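Protein chains in written order, with UniProt numbering: chain A, 1 to 352; chain B, 1 to 276.
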Ligand SMILES: Nc1ncnc2c1ncn2[C@@H]1O[C@H](COP(=O)(O)OP(=O)(O)O)[C@@H](O)[C@H]1O
Ligand SMILES: [Mg+2]
């Protein structure tokens, strides 16, 4: 039974539709990320959940209650914004207390809850500070505490880490995830950073042009991208155009070399289809395992420390592959002919 | 490098003397009422005139009412336009500029035509009605300044996100306006208020054509009748305006918490870290 349900939600501004037929069922306590490039409609969906935008079509329900037309201040939503949006005239403690005061909680309850919340984000010592006296990371933690204080049903975060520098971004995202698990709160997290989404989510919704292209666990999204867009947006990927030889047998030609796929192809013989291969799926070491091999000429080889990234030309295509550095393995030389071995199961046939 | 600094210093001094020399001359003149000695006799004479205090307080009260009216009109309008109708903002901006384009004398004649004794809403027949017209006129004159001041305040505040943050925490409209928006606009409202005050306090055209016992017409009257008192009055009103400006600066730069006399963090400039 899902806790937060978005059913066939669409949003249009005049003639432009920015979200189409968006379906999503979020379980209680689940951590969902919306991942996609800027302008793909992530914020718009989030704002529809929060109630700041009304869907042009479709429904949204929380805990089996239809909230499609409910005002934002009656939805019991906690929201964290990219720009922190702390109230500048209030101290940290007053900011955190705001939602409880509005709800009419008594003094003792408010004080206790504010204390708990500040302990949760490890900022008890800054309770009397004003927002302008704190760093961005501290402000965003206060914003999180403020959103959580009134015990919302759903927590929404819109690119909460984008304004912070890299180091704090990583530590704060882990903190957010830890707090989310501790409280068991249903959470939707918007980001355009794939690493962020992959590292903290239970499931990811990859969005493209106002649609959900794929919904799945980080493992599924990364290893089994459903569309060409997901494949190219999440992680780095080799896209290889191949010619179908025998669709029933699943054989394709890359230049002059024949590769047998693990699936039957829907295209007819002679047509071009696109395959995807992760750079980390293969190896050129002697004795490397894999039922499939491709031989090509090395066009570049970069030593990146822990990883050696090599590109080779096979027919018309350039294929990159990453291998871990080891003292016994010298990076291949330019022009050298190498054979990359990998499992045919790692070759994905992409639909557009 | 050195030469250019000297040149700019000279330019600043010339520009400053343009304002300071007449001011000094006026001040010196105001001290010469008694022949052959310096004295504050002119000031004594000004304060002894009952009309001085009555017109001064009349203008102070009408200015305060004008501040109230313009704030009550401008703050909710600007908030609403920014939040719900950003497209009409240029229109609102244009309207608020009109009092700078249309001469006050045209505005006041328009008012007299519209609300004269033979109109549908004859405000001019009673003293209270005329007072009302005067403060409405002052609110109109102050519109460009109050609007710009409040609008800038909202610009730096990002009222949209603050409103949404408060809404998601369960607050209703009035809570948002009174607990979140207004307190954070204090500096902007106060500076708009001081500008309104300094515009309407010595205003002449409206007060004179509506025949109100205000400070502006009194100044002009004294200027025609006396020699030394006008100089004293000019210095006094300059001091008043200047005090307004200083107060405006103080309020505009005040940070929350600074008034609570908390030593340490609130006062320590090193503790203030600007974040993008
Ligand atoms: N109020 C609005 N009026 C018109 N277009 C809008 C409005 N809000 C968002 N859009 C458009 O909707 C699209 C999606 O926006 P958004 O949801 O903010 O994307 P994201 O958060 O993924 O970057 C963008 O192309 C944006 O220009
Ligand atoms: Mg966005």
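Beta carbons are placed, not taken as given, at the ideal position from N, Cα and C, and that holds for glycine. Please read all numbers here as calculations on a predicted model, not as lab measurements.
Are the C-beta atoms of residue 255 (chain A) and some chain B residue less than 8 Å apart? Locating residue 255 (chain A) in the first chain gives position 255, counting from the first residue. No, residue 255 (chain A) lies away from the interface with chain B (no Cβ there is under 8 Å from its Cβ).
Using a Cβ-Cβ cutoff of less than 8 Å, which residues in the same chain neighbour residue 123 (chain A) once the five nearest sequence positions on both sides are dropped? Working through the first chain from its first residue, we reach residue 123 (chain A) at position 123. Excluding residues within five positions, the ones whose Cβ falls inside 8 Å are 92, 138, 141, 142 and 145.
Three or more C-beta pairs under 8 Å: does that hold for the segment 161-172 of chain B against the segment 227-234 of chain B? no
Residue 331 (chain A) versus residue 295 (chain A): straight-line alpha-carbon distance, rounded: Walking along the first chain from the start, residue 331 (chain A) turns up at place 331. Walking along the first chain from the start, residue 295 (chain A) turns up at place 295. In a straight line, the C-alpha of residue 331 (chain A) is about 16 Å away from that of residue 295 (chain A).
CB of residue 353 (chain A) to nearest heavy atom of ligand 2: below 7 Å? Any answer about residue 353 (chain A) is impossible in this case: the structure gives chain A only from 1 up to 352.
Return the bridge partner residues of residue 342 (chain A) from the DSSP annotation. As a working mapping, residue 342 (chain A) is identified with position 342 in the first chain. BP columns for residue 342 (chain A) point to A:292.
Residue ranges of each alpha helix (DSSP H) run of no fewer than 4 residues wholly in the segment 226-261 of chain A, ordered along the chain? 228-233
Exposure label - residue 126 (chain B); buried when at least 16 CB within 10 Å: For the purposes of this step, residue 126 (chain B) is taken as residue 126 along the second chain, with counting starting at 1. Per the 10 Å Cβ criterion, exposed.
Report back the beta-carbon spacing between residue 81 (chain B) and residue 74 (chain B) to the nearest angstrom; my notes put them in contact at under 8 Å. For the purposes of this step, residue 81 (chain B) is taken as residue 81 along the second chain, with counting starting at 1. For the purposes of this step, residue 74 (chain B) is taken as residue 74 along the second chain, with counting starting at 1. Not quite, the Cβ-Cβ distance comes to about 10 Å (not below 8 Å), so this is no contact.
Closer than 8 Å at the beta carbon, the chain A residues around residue 158 (chain B): The residue labelled residue 158 (chain B) in the question sits at position 158 within the second chain. Correct list: 83 and 85.
Taking the alpha helix (DSSP H) that residue 194 (chain B) falls in, what are its first and last residues? Translated into the one-based positions of the second chain, residue 194 (chain B) becomes position 194. Counting along the chain, the alpha helix (DSSP H) containing residue 194 (chain B) begins and ends at 182-201.
Run of the alpha helix (DSSP H) containing residue 238 (chain B), from where it starts to where it stops: As a position in the second chain, residue 238 (chain B) is number 238, starting the count at 1. Counting along the chain, the alpha helix (DSSP H) containing residue 238 (chain B) begins and ends at 229-253.
Please indicate yes or no: does the CB of residue 42 (chain A) lie closer than 7 Å to some heavy atom of ligand 2? Position 42 of the first chain, counted from the start, is the residue given in the question as residue 42 (chain A). Yes; taking the cut-off as 7 Å, the Cβ of residue 42 (chain A) has a heavy atom of ligand 2 nearer than that.
Specify the secondary structure class of residue 310 (chain A) as computed by DSSP and reduced to three states. The residue given as residue 310 (chain A) occupies position 310 in the first chain. Strand, per DSSP.
If contacts are defined as beta-carbon pairs under 8 Å, then residue 9 (chain A) and residue 51 (chain A) qualify, I think. What distance do you get, rounded to the angstrom? Indexing the first chain from 1 puts residue 9 (chain A) at position 9. Indexing the first chain from 1 puts residue 51 (chain A) at position 51. Wrong, their Cβ atoms sit about 13 Å apart, outside the cutoff.
Relative to the C-alpha of residue 151 (chain A), which candidate in A:99, A:174, A:193 and A:158 has its C-alpha closest? Taking the first chain and counting its residues from 1, one reaches residue 151 (chain A) at position 151. Nearest C-alpha to residue 151 (chain A): A:99.
Contact list for residue 79 (chain A) against chain B, beta-carbon separation under 9 Å: Here residue 79 (chain A) refers to the residue found at position 79 when the first chain is read from its first residue. Result: 164, 165, 167, 168 and 169.
Residue 300 (chain A) versus residue 329 (chain A): straight-line alpha-carbon distance, rounded: Sequence index remark: in the first chain, residue 300 (chain A) carries index 300 (1-based). Sequence index remark: in the first chain, residue 329 (chain A) carries index 329 (1-based). Roughly 16 Å separates the two Cα atoms.
If we count the other Cβ atoms within 10 Å of its Cβ and call it buried at 16 or more, is residue 101 (chain B) buried or exposed? The count along the second chain starts at 1 and reaches residue 101 (chain B) at position 101. Residue 101 (chain B) comes out exposed.
Residue 161 (chain B): contacting residues in chain A (beta-carbon distance under 7 Å): If you number the second chain from 1, residue 161 (chain B) lands on position 161. Within chain A, the residues near residue 161 (chain B) are 81, 83 and 85.
Collapsed DSSP secondary structure at residue 272 (chain A) in the structure displayed: Sequence index remark: in the first chain, residue 272 (chain A) carries index 272 (1-based). DSSP places residue 272 (chain A) in strand when its eight states are reduced to three.
Quick one: residues in its chain with C-beta nearer than 7 Å to the C-beta of residue 273 (chain B), no 5 flanking neighbours on either side, listed in chain order? Along the second chain, read from residue 1 onward, the residue named residue 273 (chain B) stands at position 273. Bear in mind that a pLDDT of 40 at residue 273 (chain B), under 50, signals an unreliable position, so the number given afterwards is only what the model happens to contain. Hits under 7 Å: none found.
Please go through the same chain and pick out, in chain order, the residues whose beta-carbon is closer than 7 Å to the beta-carbon of residue 288 (chain A), but skip the five residues on each side of it. Locating residue 288 (chain A) in the first chain gives position 288, counting from the first residue. For residue 288 (chain A), where only same-chain residues beyond five positions count, the Cβ hits under 7 Å are 341.
Endpoints, the beta strand (DSSP E) within which residue 50 (chain A) is located: As a working note, residue 50 (chain A) is residue 50 in the first chain. Note, residue 50 (chain A): premise wrong, no beta strand (DSSP E); alpha helix (DSSP H) at 42-50.
Taking 7 Å as the cut-off, does the CB of residue 36 (chain A) come closer than this to any heavy atom belonging to ligand 1? As a first step, residue 36 (chain A) is located in the first chain; it is residue number 36 there, counting from the start. Flag set: Cβ of residue 36 (chain A) near ligand 1.
Buried or exposed by the 16-neighbour rule on C-beta atoms within 10 Å, applied to residue 6 (chain B): Counting from one through the second chain, the residue named residue 6 (chain B) turns up at place 6. It is exposed - the Cβ of residue 6 (chain B) has fewer than 16 other Cβ atoms within 10 Å.
Residue from B:161, B:147 and B:130 with nearest C-alpha to residue 47 (chain A): If you number the first chain from 1, residue 47 (chain A) lands on position 47. Out of B:161, B:147 and B:130, B:161 has the C-alpha closest to the C-alpha of residue 47 (chain A).
Nearest chain A C-beta to residue 78 (chain B) closer than 8 Å, yes or no? The residue given as residue 78 (chain B) occupies position 78 in the second chain. Judged by the 8 Å Cβ criterion, residue 78 (chain B) is not in contact with chain A.
Just to check my reading of the structure: residue 96 (chain B) and residue 143 (chain B) have Cβ atoms closer than 8 Å, yes? What is that Cβ distance to the nearest angstrom? The residue labelled residue 96 (chain B) in the question sits at position 96 within the second chain. The residue labelled residue 143 (chain B) in the question sits at position 143 within the second chain. About 5 Å; that satisfies the 8 Å criterion.
For residue 226 (chain A), tell me which candidate among A:207, A:244 and A:242 has the shortest Cα-Cα distance. Locating residue 226 (chain A) in the first chain gives position 226, where the first residue counts as 1. Minimum Cα distance to residue 226 (chain A) is reached at A:207.
Any C-beta of chain B sitting closer than 8 Å to the C-beta of residue 187 (chain A)? Here residue 187 (chain A) refers to the residue found at position 187 of the first chain. Output row for residue 187 (chain A): interface = no.
Let me make sure I understand the geometry here. Which of A:308, A:264 and A:238 has the alpha-carbon closest to that of residue 285 (chain A)? The sequence position of residue 285 (chain A) within the first chain is 285, counting from 1. Of the listed residues, the one whose Cα sits closest to residue 285 (chain A) is A:308.
Sorry if obvious, but does the Cβ on residue 190 (chain A) come closer than 7 Å to a heavy atom of ligand 2? On the first chain, position 190 is the one that residue 190 (chain A) refers to. Checking the Cβ of residue 190 (chain A) against ligand 2 gives yes.
Taking Cβ to Cβ, would you say residue 26 (chain B) is nearer than 8 Å to residue 239 (chain B)? One-based indexing of the second chain puts residue 26 (chain B) at position 26. One-based indexing of the second chain puts residue 239 (chain B) at position 239. No, the Cβ-Cβ distance between residue 26 (chain B) and residue 239 (chain B) is not below 8 Å.
According to DSSP, residue 21 (chain A) sits in a beta bridge with which residue or residues? Sequence index remark: in the first chain, residue 21 (chain A) carries index 21 (1-based). Bridge partners of residue 21 (chain A): none, in fact.
Chain-ordered neighbours of residue 50 (chain A) on chain B, where CB pairs are closer than 8 Å: In the first chain, counting from the first residue as 1, residue 50 (chain A) sits at position 50. Residues of chain B passing the Cβ test: 164 and 168.
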